[in-house]
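For our numbering, add 15 to where a residue sits in the sequence shown, where the first one is 1. Below you'll find the structure, written out as structure tokens, and then a few comments.
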Amino acid sequence: MTNAPYDAYKRIRRCDMVSAAIQHAEAPPGLQTFASDGDRSRLTSAAVKAVLRLIEAWGASNADGAALLGVSESTWDRMKAGTWEGSLGQDQLTRASALIGLFKGLHLLFANDMADRWPKLENRAPVFDRRSPIQAMIEGGIPRMLETRQYIDALRGGL
């Protein structure tokens, strides 16, 4: 007795599964990637305002704000003054998104002013290695920013 029909069935099913995986791997319409100029132009103003406000709420310095957003200090100063007319890049919008999500997560986690003090406090968690989260995010860039946001989401029970 031969297994040929069964083997043929397995090959067809495998092809069907691969086709389905390829179809689902494509980004659904409307997924935000920050890749298009139009999206970046549209989102820049709100992202800059939000990051300026959260840096102020955290009591962080201008240098920290500029480093977290990935811009020069002179650009940061123009953003604060409202005279900057540029558009954030894909990496900068990713940074802004991580910071805004972290800010929101902290305010959901802590019921008092600890939410705004936490980013500047020395932290013993392995993610931070006895540095403040702000310092760790500046040194670690986007990957550490995303990791910090995930850390807070995990503390909230959101993962």
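Built from N, CA and C at the ideal position, the CB exists for glycine as well.
Sequence-distant residues of the same chain with beta carbon closer than 8 Å to residue i, five excluded per side
i, result
"D92", "N77"
"R55", "F49, S102, L103, G104, Q105 and L108"
"I153", "D79, A82 and L83"
"Y166", "A140 and V142"
"T90", "A81, W99 and G101"
Nearest to residue i (by Cα), restricted to the options the options
i, options, result
"F125", "E71, D52, E162 and D168", "D168"
"K95", "L69, D128, Q165 and I149", "L69"
"L67", "W133, W99 and S51", "W99"
"L170", "P158, G85, G53 and L117", "L117"
"A72", "W133, F143 and G97", "W133"
"K172", "T59, L123, I149 and G53", "As written in the sequence, residue 172 is Gly, which differs from the Lys given in the question. Here the closest residue by C-alpha is L123."
Extent of the continuous alpha helix (DSSP H) to which residue i belongs
i, result
"T59", "D52 to W73"
"K95", "E88 to A96"
"F143", "Where F143 is concerned, there is no enclosing alpha helix (DSSP H), given that its DSSP letter is neither H nor E."
"L117", "Q105 to L124"
"G80", "N77 to L84"
"R132", "M129 to R132"
Beta-carbon proximity check, residue i vs residue j, cutoff 7 Å
i, j, result
"A113", "R164", "yes"
"E162", "S147", "no"
"A130", "L121", "yes"
Environment of residue i [buried if 16+ CB atoms lie within 10 Å]
i, result
"D79", "buried"
"G74", "exposed"
"A61", "exposed"
"G97", "exposed"
"G53", "exposed"
Neighbourhood of residue i by C-beta distance below 7 Å, restricted to the same chain and skipping five residues each side
i, result
"P141", "none"
"R139", "R145"
"E13", "Because residue 13 is not part of the residues shown, which for the chain are 16 to 174, the question remains open."
"S51", "none"
Other residues of its chain near residue i: CB distance less than 6 Å, five sequence neighbours each side excluded
i, result
"R159", "A151 and M152"
"G156", "none"
"A65", "I115"
"V86", "none"
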